[in-house]
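Peer 1: So the sequence shown is numbered by our numbering: it starts at 5 and just counts up by one.
One structure is given below, represented as structure tokens, and several questions about it will come after.
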Amino acid sequence: MTVKDIKELIKLIDEYKLAEFKLEDGDLKLTIRSNTYNKEQTVIAQAPLMAAAAPTPAAAPAIAQTSSSTPPESADTDNLLEVKSPIVGTFYRSSAPDKPAFVKVGDVINEGDVVCIVEAMKLFNEIESEVSGKIVKVLLEDASPVEYDQVLFLVDPNG
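Following this line, the structure appears as structure tokens:
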């Protein structure tokens, strides 16, 4: 990656008003943060890494302000159980892009069932449910970063 490529990235980051941009490609690791960077911001969509040297606007990830570990509060969620991430990493709903999701909304799960994978340090960790019931909400998009103890799924124990 050349200085010209990095300057182009900075222009795109400014144009899309991104707080943070990270790029990892082999030995290259690049992080660019604007003065609006806040640790509470979370990537909710991540574009695949492109082999091309010049980035395109479509390759910029979308950023949104989120609360890191609390689900939306409402009267409907009071009786729901939470499946939380035991580790920090990247959340995946399936074992491979061409495979079906481990669970989806409406599925009934039992304690010990694998519900997703969290990749941490190049290791893919199967996350098992600690609760039983019916999945009523998936709180993360596939390939989203996840923090320790962040809620991944809401489960109705009466389902």
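In this text, a Cβ means the ideal position worked out from N, Cα and C, and glycines have one as well.
Hey, would you say Val-142 sits closer than 9 Å to Val-112, going by beta carbons?
Peer 2: Going by C-beta atoms, Val-142 is not nearer than 9 Å to Val-112.
Peer 1: Between which two residues does the alpha helix (DSSP H) holding Val-7 run?
Peer 2: That run of the alpha helix (DSSP H) goes 7-19.
Peer 1: Based on the DSSP output, what are the partners of Leu-85 in its beta bridges?
Peer 2: For Leu-85, which the question treats as bridged, DSSP gives the partners Val-159.
Peer 1: Give the range of the beta strand (DSSP E) segment to which Phe-128 is assigned.
Peer 2: Unbroken beta strand (DSSP E) run through Phe-128: 127-132.
Peer 1: Short check: CB of Val-196 to CB of Val-159, under 9 Å?
Peer 2: Residue 196 lies beyond the range of the chain shown here (5 to 163); nothing can be said about it.
Peer 1: Is DSSP giving Asp-146 helix, strand or coil here?
Peer 2: Coil at Asp-146, not helix or strand.
Peer 1: Any idea what DSSP makes of Tyr-96, helix, strand or coil?
Peer 2: The answer is strand: DSSP assigns Tyr-96 an E or B state.
Peer 1: Count the other CB atoms, across all protein chains shown, that sit within 10 Å of the CB of Val-150; report buried if there are 16 or more and exposed otherwise.
Peer 2: Burial call: buried.
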